[in-house]
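Colleague: One line per chain: the protein sequences are Y and D, in this order. The numbering of the first sequence is our numbering, which starts it at 1 and goes up by one. The numbering of the second sequence is our numbering, which starts it at 1001 and goes up by one. Backbone N, C-alpha and C define an ideal beta-carbon position, used for all residues, glycine too.
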Amino acid sequence: MRILAIIPAYNEQDCLEQTIRSLESTCPGIDYLIVNDGSTDDTKQICERNGFSHVNLPVNSGLSVGFQTGMKYADRHGYDAAVQFDADGQHLPEYIIPMGHALEEQQADIVIASRTLAGEAPKGARGTGSRIIAALIRLTSGVRLSDPTSGMRMYSRRMIGEFARGYDLTPEPDTVALLARRGCKVIEVPARMQERQGGESYFDFTHVIAYMSRVCFSILLFQWFR
Amino acid sequence: MSPTLRALCVIGSAITFWLIIRRVKKASVRIDDCIFWIVFSFALLVIAVFPDIPAFLAHLFGFMATSNFVFLVVITILLMREFTNTLKISKLNSRLDELIEEQALQAKENEQDER
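1) Tell me whether His91 of chain Y sits in a helix, a strand or coil according to DSSP, three-state version.
2) Taking the C-alpha atoms as reference points, what is the distance between Thr43 of chain Y and Leu1019 of chain D?
3) Cβ of Gln1103 of chain D less than 8 Å from any chain Y Cβ?
4) Does DSSP put Ile30 of chain Y in a helix, in a strand, or in coil?
5) Once DSSP output is grouped into helix, strand and coil, what is the label at His54 of chain Y?
6) Can you tell me the Cα-Cα spacing of Leu33 of chain Y and His91 of chain Y, whole angstroms?
7) In whole angstroms, what is the alpha-carbon distance linking Glu1102 of chain D and Thr69 of chain Y?
8) If I follow the unbroken alpha helix (DSSP H) through Pro98 of chain Y, where does it start and stop?
9) Spatial neighbours of Leu1005 of chain D within its chain, please: CB distance less than 6 Å, with the 5 preceding and 5 following residues excluded, ordered by chain position.
10) From the beta carbon of Pro122 of chain Y, is the nearest beta carbon of chain D less than 8 Å away?
11) With 16 as the cutoff for other CB atoms within 10 Å, does Ile7 of chain Y come out buried or exposed?
12) Taking only three categories from DSSP, how would you classify Val186 of chain Y?
13) When you check each C-beta in the region 56-68 of chain Y against every C-beta of chain D, which residues fall closer than 7 Å?
14) So Ile160 of chain Y and Ala82 of chain Y are in contact, right, with Cβ under 8 Å, and what is the actual spacing, rounded?
15) Give, in chain order, every residue of the region 67-88 of chain Y whose Cβ lies closer than 9 Å to some Cβ of chain D.
16) What residue from Y:Val215, Y:Val111, Y:Gly127 has the CA that sits closest to Glu172 of chain Y's CA?
17) Using a Cβ cut-off of 8 Å (strictly closer), state whether Lys1091 of chain D contacts chain Y.
18) Answer yes or no: do Ser114 of chain Y and Asp88 of chain Y have a C-beta to C-beta separation smaller than 8 Å?
19) Please tell me whether, using a cut-off of 7 Å, the distance from the CB of His1059 of chain D to the nearest non-hydrogen atom of the ligand SAH is below it.
20) Please say whether Thr26 of chain Y and Glu94 of chain Y have beta carbons closer to each other than 8 Å?
21) Measuring only the C-alpha atoms, how far is Ser130 of chain Y from Glu120 of chain Y?
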């Protein structure tokens, strides 16, 4: 089974190298692709200096475009599965292989690395947001997810094609809900995560509002027309 | 329509016309995208110079005041314009994303071919 880890990176000079080193040493058999999303720091230089596998988006375009670029790459190079993997060190590479096994054995389309199943549910405002989204997904698609906002998701070959050619498919929970409703099998495996190891999060207040409104409207309203 | 409203229509028409022509001169807007504004500016001028036209239509549709009719028409036209602009921008964004993705992947392919 050939797995590609897609690693969107926007201004991740502080932790990218460490993330890739740990990915390479933990999962030597797994290919990865860093998608440098028009970073203004040394992300690109770090990739070039170390010979990391990467593509450079010519301008900053956001997570969805970065992720779709990775999915197109996976599609064109015939990968069996692709996993969304954070550049900031939050996601632990030791879970990639187990996720691949779960995908294969249970013939799933999407495998989510769930912090809740590992006994570390997101807390505070993040936890509340996560529970709201989980409730909306259960309400509309009947799928029970313990950690819908987990950013570490693995997709099957069929989903790679879907993302590579689809219209407006974000790597976010609303898309998981949409695909689940269309009959894709979504499962979860327990996984721990770390605090980000450096750099800054996309998620300031305005981004949180934009994220929550998009996800909620998308699940409650738009998915019925897509 | 009151003389004030007619005067405002003329002023609005002149300003719109001037703004758009200035942009054409500066080569910062395409002719295709100006047509709407030129027609809009011309229409404002027409209703200011011939208030009988909106008055007749307002009466026909049962409006109490011609100005109400004029406001409604202007608002509707602008909203429709805003809607089509949203569609256009959305389409442009999709195309741009597509180009960015293809360019990035192509650059990687080229680099690998060179090696």
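Modeller: Looking at the coordinates:
1) strand
2) 43 Å
3) yes
4) coil
5) strand
6) 15 Å
7) 8 Å
8) 96-105
9) Ser1067
10) no
11) buried
12) strand
13) Asn56, Leu57, Pro58, Val59, Ser61, Val65, Gln68
14) 5 Å
15) Gln68, Thr69, Lys72, Tyr73, Arg76
16) Y:Val215
17) no
18) no
19) The ligand SAH is absent from the structure shown, which contains no ligand whatsoever.
20) yes
21) 13 Å
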